[in-house]
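Enquirer: Residue numbering for the sequence shown follows my numbering, starting at 28 and increasing by one per position.
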Amino acid sequence: MRMKPVFSIVVFMLLWAGATAPAWADPLRDAQERFPVNHPPQRVVSLVPAATEMLVAVGAGDAVVGVTSHDTLPVNLRKKEIVGGFAAPSLERIEALRPDLLLVSSLHGTVKKRFQDQCAVVELSPVHSVEQALERLHDLGGLLGRGQEADTLAAGIRAELALIRAKVEPIPAAKRQRVMRLMGVAQLMAPGDDSFQNDFIRSAGGIPPRFGRNGEAIVVSPAEIVRFNPQTIYVCGDAAEAVLANPALQKIEAVKHKRVFSFPCEFTCRAGVNMGGFVSWLAARVYEQEFSDPSRQAYPDQMLEARPVALPLSYVRQALVQKSRIRDFINKTLVVDFTTPQRILSTLEGMREGIMGVGNHYYPPPSWGLGHTSGLDGLRRTATAALARPDAQTSLLFTGADMDHLVVAEKSFRDLTVYALVTAGVKTNAMRMATDSGNFYEPGTINIVLLTNARLSEQAMSRAIITATEAKTAALTDLDIRSTYSPHFAATGTGTDNLLVVQGEGPGINGAGGHTKMGELIAAAVYDGVRKAIAGQNRITADRSIFARLEERRIHLASLLPLEPEECSLDRRQLVAAVEDALMQPEYAGFMAGSLAMSDAVQAGLADPQGHELWAKAVAARLAGHAVEPWHQRFLEGRLPPLAAKALESLVNGVCAREKGSAD
């Protein structure tokens, strides 16, 4: 019999007839009794983002009816009901969804107590290792009738981990790096000794610290960090600069050598389906020199497989997305081969003649730091060699956006057709030109290849770049994409975008500006392609929740409020939950969205903020049920754009006044 560790899933199971199941019964047995394989749960509410991620990945997303505001779902699942934040979900919203299965953490005691007589409540206790997380994946997949899919996914993760293990094994013990995951800025924190995050470090070939304390997050002193003296530190989000500037950490090697790396929080903080990819990425950053050495590769660079892309143009011989292995990691390349040599204009390479193939090459995150010393020519030579293509006749763009999310946008008018082949990602280096500074170069993040059924003159090719750039920026503006570096400002691009225009064959075209039909089609194709590509790569759509838009601006209400808010009967947790509940109502979400838009207008000098103050007071009064007096300002000056602060203040003042009225 396959033994199940007690940490994997604790099931609090109460049968619909009211009989109570044993409190610590075997989770799989109870789950299979309540939900046999041919009758899995149909209405799941998940309060644990890592579990939600697993359910979606194994194909059980349709059964999920409720999630938290911290979940980022694929576009086809975006309409799931948000029941609140992780810390304090709304009991009423959960109840309204009538779940037959509720996934909770050990922190959701109130939720468990409320629903233990109404549905199956499964408590997911903390995992402490990668292997335990894979057991969790197996259990959840089986519970939802997706056991085979879960095991296939787990096998892929194990294969990624095995590759990294093979790559770091030859590194002698004396050269193994001390690696630390650092959390917090004002108060330094780290994962406890038993955390899965330290197992990530071990899996990547690093040496994690041992502070003698367990827990998902523990407070650590600067002296403890200095004693460990990490050679590499990694953080999530935008905390790297704060670590580098911390005067108490200046003596440690990671800070002295500027080896403080940042990764997406959903990778660092979740033992979920991205574990294999994150461990690979971490190992490649920690051991960049070793991973860049071709003699240390486990596999030769080679093309693996290809899938066709429909591109019906007379001069296109074939269009493919090719999967290759380069420096041991899976790369993907869009390749368009021509029947006759073409002139192309590339913002990466300039004007080139005699080109027989163009493409867009995806380097996965573990590869981003590998081979940079060889420059652009080296990147192109490596890619074309693996794809068995002549370097002199091939023009490539490079990106960190996955070709799985390639969009082929087609626009036509009578006998004129334009194709925009677009990949786009905006989470890592979106920026606002004339606001943000440029300090480094990375491969392009929004890449566009333009092809038409006409023959573009050099003038038309040049003008097409301006037209396409304007359309790209319009798409970002309409999606409210924020600058990664200055999130209170809208982004105009990623700072590393590239365009490639193919001359083509057909009727001659000399103009591609906004007043021409060619320009109109180019703009429409690019606009449509960029929006769809961002939705695929980053799961960002215009109708995303207000919680997502606040997160993109790095506005976190819990971090802005004291533990005991002034003149309010609610503590911070209760107040945040009440404001979140308000923001789940369309009228208050609309108020916040309008405030964010007006905030941009005020920052640009296009609007006077006084009108917004009247709106904010009216919203607070509606929330409280009466005029709110006195008005308390609870947010420090300068931490938020003034109108964003005013909007949050109106919700907080309204909630606190409502609670005070209820108490009176």
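Don't be surprised by glycine CBs; every beta carbon is placed ideally from N, CA and C.
Computed from a predicted model, the values in this text were never measured in an experiment.
For R334, which residues of its own chain have a beta-carbon under 6 Å away from its beta-carbon, when the five flanking residues on both sides are left out?
Expert: Taken in chain order, the residues that qualify are V348.
Enquirer: Which two residues bound the contiguous alpha helix (DSSP H) that contains P613?
Expert: Note, P613: alpha helix (DSSP H), P613 to Q630.
Enquirer: Note down the Cα distance separating T295 from G531, rounded to an integer number of angstroms.
Expert: Distance between the alpha carbons of T295 and G531: 45 Å.
Enquirer: Around the C-beta of H165, are 16 or more other C-beta atoms found within 10 angstroms, so that it is buried, or is it exposed?
Expert: It counts as buried.
Enquirer: What's the gap between the Cα of A648 and the Cα of V453?
Expert: Cα-Cα distance, rounded: 38 Å.
Enquirer: Helix, strand or coil for K278? Go by DSSP, reduced to three states.
Expert: In this structure, K278 counts as coil in the three-state DSSP scheme.
Enquirer: I need the straight-line Cα distance from A539 to F365, nearest angstrom please.
Expert: So the two alpha carbons sit approximately 23 Å from each other.
Enquirer: Between the alpha carbons of L527 and I508, how many angstroms are there, rounded?
Expert: Straight-line Cα distance between these residues: approximately 23 Å.
Enquirer: Roughly how many angstroms separate the alpha carbons of A671 and G211, rounded to a whole number?
Expert: In a straight line, the C-alpha of A671 is about 24 Å away from that of G211.
Enquirer: Give the list of continuous alpha helix (DSSP H) stretches no shorter than 4 residues that lie fully inside the segment 303-332.
Expert: 315-319, all fully within the segment 303-332.
Enquirer: Which same chain residues, not among the five before or five after F467, have their C-beta less than 7 Å away from its C-beta?
Expert: Because the pLDDT at F467 is just 42, under 50, the model does not fix this residue reliably, and the point stays unresolved.
Enquirer: For V679 and A645, what's the separation of their Cα atoms in angstroms?
Expert: Answer to the nearest angstrom: the Cα atoms are 13 Å apart.
Enquirer: Helix, strand or coil, according to DSSP, for L338 in the structure here?
Expert: If DSSP states are grouped into helix, strand and coil, L338 belongs with coil.
Enquirer: Applying the 10 Å Cβ sphere with the 16-neighbour rule, what's the burial state of R205?
Expert: So R205 ends up on the buried side.
Enquirer: So, M330 versus A413, is the Cβ gap smaller than 8 Å?
Expert: Against a cut-off of 8 Å, the Cβ pair of A413 and M330 comes out as a contact.
Enquirer: For my contact list, G427 and I473 are in at a C-beta cut-off of 8 Å; report their separation, rounded to the angstrom.
Expert: Not quite, the Cβ-Cβ distance comes to about 11 Å (not below 8 Å), so this is no contact.
Enquirer: Under 6 Å Cβ to Cβ from E80, same chain only, skipping five residues before and after it: list those, please.
Expert: Closer than 6 Å at Cβ, skipping near neighbours: G299 and V300.
Enquirer: By the three-class DSSP mapping on this structure, what secondary structure does S230 have?
Expert: S230 falls in the helix class under three-state DSSP.
Enquirer: Suppose contacts are defined by Cβ-Cβ distances below 8 Å. Is L584 in contact with V603 by that definition?
Expert: Taking 8 Å as the Cβ cut-off, L584 and V603 qualify as a contacting pair.
Enquirer: For the alpha helix (DSSP H) containing C292, list its first residue and its last residue.
Expert: Where C292 is concerned, the enclosing alpha helix (DSSP H) stretches over C292 to T295.
Enquirer: Taking the alpha helix (DSSP H) that T179 belongs to, which residues open and close that run?
Expert: Looking at the DSSP string, the run of the alpha helix (DSSP H) that includes T179 is G174 to V195.
Enquirer: Going straight from the alpha carbon of V83 to that of P393, what length do you get?
Expert: Those two C-alpha atoms are separated by around 24 Å.
Enquirer: Tell me, which residues are paired with C263 by DSSP?
Expert: BP columns for C263 point to F290.
Enquirer: Less than 8 Å between C-beta atoms, sequence neighbours within five positions excluded: which residues of the same chain meet that for L271?
Expert: Excluding positions up to five away in sequence, the list reads V282, K285 and V287.
Enquirer: Do D524 and K499 have their CB atoms nearer than 8 Å?
Expert: Yes, Cβ-Cβ distance for D524 and K499 is below 8 Å.
Enquirer: Measuring CA to CA, which of R173, N103 and Y314 is closest to Q258?
Expert: Selected option, being the one with the closest Cα: Y314.
Enquirer: Given a cut-off of 8 Å, decide if I382 and T421 are closer than it, judged by their beta-carbon atoms.
Expert: Going by C-beta atoms, T421 is nearer than 8 Å to I382.
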